[in-house]
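Counting in our numbering, the sequence shown runs from 263 upward without gaps.
Idealized CB from N, CA, C, for every residue including glycine.
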Amino acid sequence: ALAVPGYARANRTPITIVYGAFPPFTIADPARPGIINEIAGEVLRMIGREPNFVPLEWAEAQARGRNDANTLVTPLSRTPAREPNYTWIVKVLDIESSIASYGRSGPLDLDGARRLSRMGVVAQSLHEGFLRSQGLTNLVPVPLANAMGALISGEIEALYGPTLELRWHAHA
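In structure tokens form, the structure reads like this:
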């Protein structure tokens with residue numbers, strides 16, 4: 263359930279939803295902005311507020327979400343480092359992570375990832391931070407949009423990232 267105070271209905275100021283492109287969660291198309299933004303937009307409409315979807319580069323979206331009034335940033339994972347920078351409203355979903363490989367037999371785990379010479383990871387993501395905190399020094403950060411191409415071309419031997427997004431890009 264999601265409850266909204268009565269005063270929120272009285273305020274008719276449009277809400278800007280800024281976001282990076284992380285398909286299928288968020289898509290750089292304001293007409294079809296992705297599942298997370300569709301949910302956020304419907305909630306806002308239910309209380310009489312109109313969403314204005316603005317796709318941005320991820321760093322800019324985070325900065326605008328921190329600094330601009332009447333602005334939501336999606337999709338944003340809640341971390342201790344981000345805690346003081348935002349007013350957190352509601353958890354939308356849990357993100358499952360996995361290691362993808364191409365042309366390898368059997369699944370990889372963290373120990374197997376350590377043994378690779380070129381372990382791919384989605385650049386500047388929580389996944390990269392996690393692998394670094396686990397002591398992996400063989401990381402090759404790649405932009406999400408190019409990650410599957412890097413895996414298929416052999417630039418990286420495996421790829422760690424959000425499962426649903428990896429699947430989306432594998433079939434795109």
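- Taking the CA atoms as reference points, residue 417 sits about 8 Å from residue 380.
- Two segments are said to touch when three or more pairs of C-beta atoms, one from each, lie closer than 8 Å; by this definition the stretch 340-354 does not touch the stretch 363-373.
- Distance from the CA of residue 358 to the CA of residue 371, rounded to the nearest whole angstrom, comes to 14 Å.
- In the displayed model, residue 400 falls within coil according to three-state DSSP, outside both helix and strand.
- In the DSSP assignment, residue 279 falls within the unbroken beta strand (DSSP E) covering 277-281.
- Residue 313 sits away from residue 281, with the two beta carbons spaced by 8 Å or more.
- Listed in chain order, the non-local C-beta contacts of residue 277 below 8 Å within the same chain comprise 306, 311, 312, 313, 314, 332, 333 and 334, local neighbours out to five positions each way being set aside.
- Between the alpha carbons of residue 309 and residue 419 lies a gap of roughly 48 Å.
- In its chain, beyond the 5 residues on either side, 375, 376 and 381 have a beta carbon closer than 7 Å to the beta carbon of residue 398.
- The alpha-carbon of residue 387 is positioned some 32 Å away from that of residue 275.
- Residue 350 is classed as exposed because its beta carbon has fewer than 16 other beta carbons within 10 Å across all chains shown.
- When DSSP states are grouped into helix, strand and coil, residue 310 belongs to the coil group.
- Contact check for residue 298 against residue 341 fails: the beta carbons are separated by 8 Å or more.
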